[in-house]
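Residue numbers for the sequence shown follow this note's numbering, beginning at 1 and rising by one.
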Amino acid sequence: MDQLGRTSETPKSPWGGCPPAMPSCSLSDVMSEELARQLEEENKAFPSLTNPEVSLLSGEETDTNSDLMLARLLQMQYDRECDTQLRREERKYNGESKVSISFENYRTAHPYDGSESSEDEVDWQDTRDDPYKPDKPQVTPRKGFTGKGKNITTKHDEVVCGRKNTARMDNFAPEVLVGDGLGMDLKLSNQVFNSLKQHCHSEQRRSARLHDKKEHSTSEQAVDPRTRLLMYKMVSAGTLERINGCISTGKESVVFHANGGMLEEQPVPEEVVLKVFKTTLNEFKNRDRYIKDDYRFKDRFSKLNPRKIIRLWAEKEMHNLARMKKAGIPCPEVALLSKHILVMSFIGKDHVPAPKLKDTMLGAADMKTAYYQVLQMMQQMYQECNLVHADLSEYNMLWHQGQVWLIDVSQSVEPSHPHGLQFLFRDCTNVSTFFQKRGVAEAMSVYELFNCVTGLDLTINEEDEAEFLAQIEALEKRNEDHVQKRGKTFPLSSWDGSPPLKHAADD
Ligand code: ADP
Ligand code: MG
């Protein structure tokens with residue numbers, strides 16, 4: 001030991017210790033095959049890396065993509081640690097003080113951070129309290145009139161009907177812009193309402209054509225980095241073998257084709273799709289009512305933050321598909337749900353997705369078969385699954401192996417949903433219009449189809465859609481009253497099939 005207390009064996013450098021130098025070896029050693037074999041054996045004995053995030057290091061993935069992913073993962077870890085430290089310091093700084101100082105602005109809000117704390121960084125427009133939503137239209141009571149003597153108002157009153165027709169505009173398809181009329185005291189006559197509705201149908205078809213073109217546009221920007229990371233993890237964990245191309249870029253979701261791997265020792269189908277629900281929520285604001293009034297999801301909806309609501313959509317699709325599968329309806333089978341990504345079986349073959357019904361060129365016989373299949377599926381969905389598709393059209397039906405397959409059921413609701421029957425009416429309109437246009441002579445009118453699917457017997461006046469809708473609304477009202485009185489929905493089985501307006505008159 002010298003005067004400064006250092007030992008001669010362990011000289012300390014101010015830059016820290018350096019590892020002992022590798023023993024030198026000769027060129028002949030380096031070239032030796034025996035040594036190469038020995039090194040290989042040593043490598044094999046190296047403990048296996050079970051963490052999928054670290055398994056990138058195992059050499060399977062050596063392209064720059066993996067490096068980028070790895071860098072992101074490390075950055076994420078680092079940011080998380082910084083944030084935890086910051087929180088600790090914040091607590092220490094504030095102590096028990098009643099007035100506290102927030103360090104929030106110093107946090108590293110990293111885009112790849114999957115932690116709960118950054119759940120709210122979304123492009124969200126809260127629609128739960130829509131300022132333009134009018135108050136509920138006044139409802140005529142069961143007895144069919146209000147007031148006394150000269151001031152009596154019946155349900156056929158022009159003003160009341162007019163207001164109701166205005167409120168009905170709210171139930172046009174989400175993409176139909178109805179302006180701010182909803183917030184005003186507008187009174188639309190049945191005639192005006194009916195022609196407006198007609199106009200909307202043709203607008204919907206036109207916008208669907210445009211939307212179709214958009215689907216072929218680039219999908220580069222379609223998923224955010226957080227989602228890409230989730231997808232990447234599915235591959236690195238072996239659940240998916242590989243993610244191939246993008247099949248569709250819609251408003252609410254992006255769909256990818258992928259090859260399945262293994263999940264908890266169970267094989268995932270050879271060909272699957274990943275339906276990624278978009279996390280930019282603007283597109284979802286019109287769809288709130290499909291979920292917030294669905295009693296299955298209602299309680300959770302009110303408590304959740306926006307990002308979690310998106311996950312609820314994926315979850316809803318999963319549950320709805322499960323019900324349909326159970327009833328034997330041809331539809332995709334769910335393999336896995338991970339946050340806002342739903343992995344399900346691919347309808348199609350060898351990377352080629354089955355065509356949408358609107359893109360098929362079926363002969364008359366096949367078209368007729370397809371029609372009866374759809375009719376049966378609508379009945380099964382309503383009666384056995386207790387569901388209304390709520391976005392049924394030739395865009396969400398695929399033709400595969402001589403069979404129509406139903407897809408896209410994230411917005412499907414139970415018929416007892418406050419607008420469930422109106423959604424069903426819209427489905428019937430789409431189905432009936434499509435098959436009639438494609439020359440299926442047997443295709444029923446929208447009204448007949450509605451009665452046939454529900455087993456109800458609402459009065460039909462082909463010329464007057466508003467009148468039919470009024471009957472539907474009366475039924476929905478009956479259900480709502482039932483919920484208020486009894487705390488549960490009206491059991492479908494006890495709908496006797498008689499028109500509700502007659503009941504109202506009888507009361
Ligand atoms: P969106 O809500 O965006 O309309 P969809 O569920 O309808 O989402 O999917 C969009 C498109 O992706 C469909 O029109 C269909 O072409 C394709 N697709 C979706 N699911 C499947 C599937 N399981 N198999 C094959 N193609 C699918
Ligand atoms: Mg769709």
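Backbone N, C-alpha and C fix where the C-beta goes; we use that ideal spot for every residue, glycine too.
Beta bridge counterpart(s) of W313 as assigned by DSSP: BP columns for W313 are empty, so no partner.
Span of the beta strand (DSSP E), counted from its first residue to its last, around R242: Its beta strand (DSSP E) spans residues L240 to T249.
Pull every residue with its beta-carbon under 7 Å away from any heavy atom of the ligand ADP, and keep them in chain order. Near the ligand ADP, meaning a beta-carbon closer than 7 Å to one of its heavy atoms, we find I247, S248, G250, K251, E252, S253, V255, V273, K275, P332, M344, S345, F346, I347, G348, P353, A354, K356, Y395, N396, L398, I407, D408 and S410.
In the DSSP assignment, the alpha helix (DSSP H) including I472 goes from what residue to what residue? That run of the alpha helix (DSSP H) goes E465 to R486.
For L398 and C82, I'd like the C-alpha separation in whole angstroms. Taking the straight line from one Cα to the other gives about 49 Å.
Which residues mark the beginning and the end of the beta strand (DSSP E) in which K437 is found? Note, K437: premise wrong, no beta strand (DSSP E); alpha helix (DSSP H) at G420 to K437.
Alpha carbon to alpha carbon, how far is H257 from V273? Give it in angstroms, no decimals. Roughly 5 Å separates the two Cα atoms.
Measure the C-alpha to C-alpha separation of Y232 and M444 and round it to an integer number of angstroms. If you take the alpha carbons of Y232 and M444, they lie about 48 Å apart.
What is the rounded straight-line gap between the Cα of P330 and the Cα of L73? Those two C-alpha atoms are separated by around 40 Å.
D391 Cβ short of 8 Å to the ligand MG heavy atom set: Yes, the beta carbon of D391 sits closer than 8 Å to at least one heavy atom of the ligand MG.
Which first and last residues belong to the beta strand (DSSP E) in which M397 is found? Element bounds for M397: M397 to H400.
Short of 6 Å in beta carbon distance, which residues of its chain neighbour L357, apart from the five on each side in sequence? Order them along the chain. Result list for L357: E394, M397 and W399, in chain order.
Tell whether a beta-carbon distance below 9 Å holds between T279 and R226. Result yes, Cβ atoms of T279 and R226 sit closer than 9 Å.
Please state whether DSSP places K358 in a helix, a strand or coil. If DSSP states are grouped into helix, strand and coil, K358 belongs with the helices.
Could you tell me how far apart the beta carbons of T459 and V446 are, in whole angstroms, since I believe they sit closer than 8 Å? At roughly 14 Å, the Cβ-Cβ gap does not stay under 8 Å, so T459 and V446 are not in contact.
Note down, in chain order, each residue of its chain lying with its Cβ closer than 8 Å to the Cβ of F425, except the 5 sequence neighbours on either side. Taken in chain order, the residues that qualify are V446, F450, F468, L469 and I472.
Same chain only: Cβ atoms within 8 Å of E89, ignoring 5 sequence neighbours per side: Here the set comprises F103.
Tell me which residues share the same chain as F277 and place their Cβ nearer than 8 Å to its Cβ, disregarding the 5 neighbours each side in the sequence. In its chain, beyond the 5 residues on either side, E252, S253, I310, R311, W313, A314, H340, I341, L342 and S410 have a beta carbon closer than 8 Å to the beta carbon of F277.
Cut-off 6 Å between Cβ atoms - residues of its own chain near E442, not counting five sequence neighbours on either side: Contacts found: none.
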